[in-house]
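These notes concern the structure reproduced below.
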Amino acid sequence: MDKILVRGLRIFAFHGVNPEEKEAGQLFIIDLTAYLDLQQACEVDNLENTVSYAKIIKTVRRVMQSRKNDLLEFTAQQVIDAVFAEYPPIQRIDIVLKKPDAPIRADFDYVAVELTRGRKQD
-19 MDKILVRGLR IFAFHGVNPE EKEAGQLFII DLTAYLDLQQ ACEVDNLENT VSYAKIIKTV
41 RRVMQSRKND LLEFTAQQVI DAVFAEYPPI QRIDIVLKKP DAPIRADFDY VAVELTRGRK
101 QD
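Here the working numbering is used: the first residue of the sequence shown is -19, the next is one more, and so on.
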């Protein structure tokens, strides 16, 4: 299956278990892979034959900044649900939601969750 990839999307948001995370906020980094059939877009040069990665980014940003969640897992699932709802051609999503500045006393690059979901068939 074909893919649209968004890598290293940086979004400032207010997620975390600690109260200060919801008050001060912090940077989150998202890697997202959307699986869909891009055959028509390969044959006819028309944006209507694909899903705009700019629109996917806009959706991810809106979801990330619309609530203050405790868990990365819950937040990543909200992103997936919104992308599936708004872009019917997408059949599967892989997402890595990274939190590079998590308030943990340790030397690390980031903590993250990774989810893979397929579209539920009605």
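For every residue, glycine included, the Cβ atom is placed at its ideal position computed from N, Cα and C.
Can you give me the Cβ contacts of residue i inside the same chain, cut-off strictly under 7 Å, excluding the 5 residues immediately before and after it?
i	result
G98	Q71 and R72
R(-10)	L7 and I9
A56	I75, L77, V93 and L95
E53	V93
Would you identify the three-state DSSP class for residue i, choosing helix, strand or coil?
i	result
I73	strand
D61	helix
Q101	coil
V125	With the chain covering only -19 through 102, there is no way to say anything about residue 125.
F54	helix
V93	strand
R(-7)	Note on identity: in this sequence residue -7 is Ala, with Arg being the wrong assignment. Strand, per DSSP.
T13	strand
L18	coil
K79	strand
Should residue i be labelled buried (16 or more other beta-carbon atoms within 10 Å of its own) or exposed?
i	result
N(-2)	exposed
I(-16)	buried
L77	buried
Y67	buried
In its own chain, which residues sit with a C-beta less than 8 Å from the C-beta of residue i, not counting the 5 before and 5 after it?
i	result
Q58	V43, R47 and N49
I36	I(-16), V(-14), L12, A14, V63 and Y67
Quick check: residue i and residue j, are their CB atoms within less than 7 Å of each other?
i	j	result
A(-7)	Q45	yes
D74	T39	no
L12	V(-14)	yes
L27	P69	no
Distance cutoff 7 Å, beta carbons only. Does residue i sit that close to anything in chain B?
i	result
A62	In the structure shown, chain B does not exist; there is a single protein chain.
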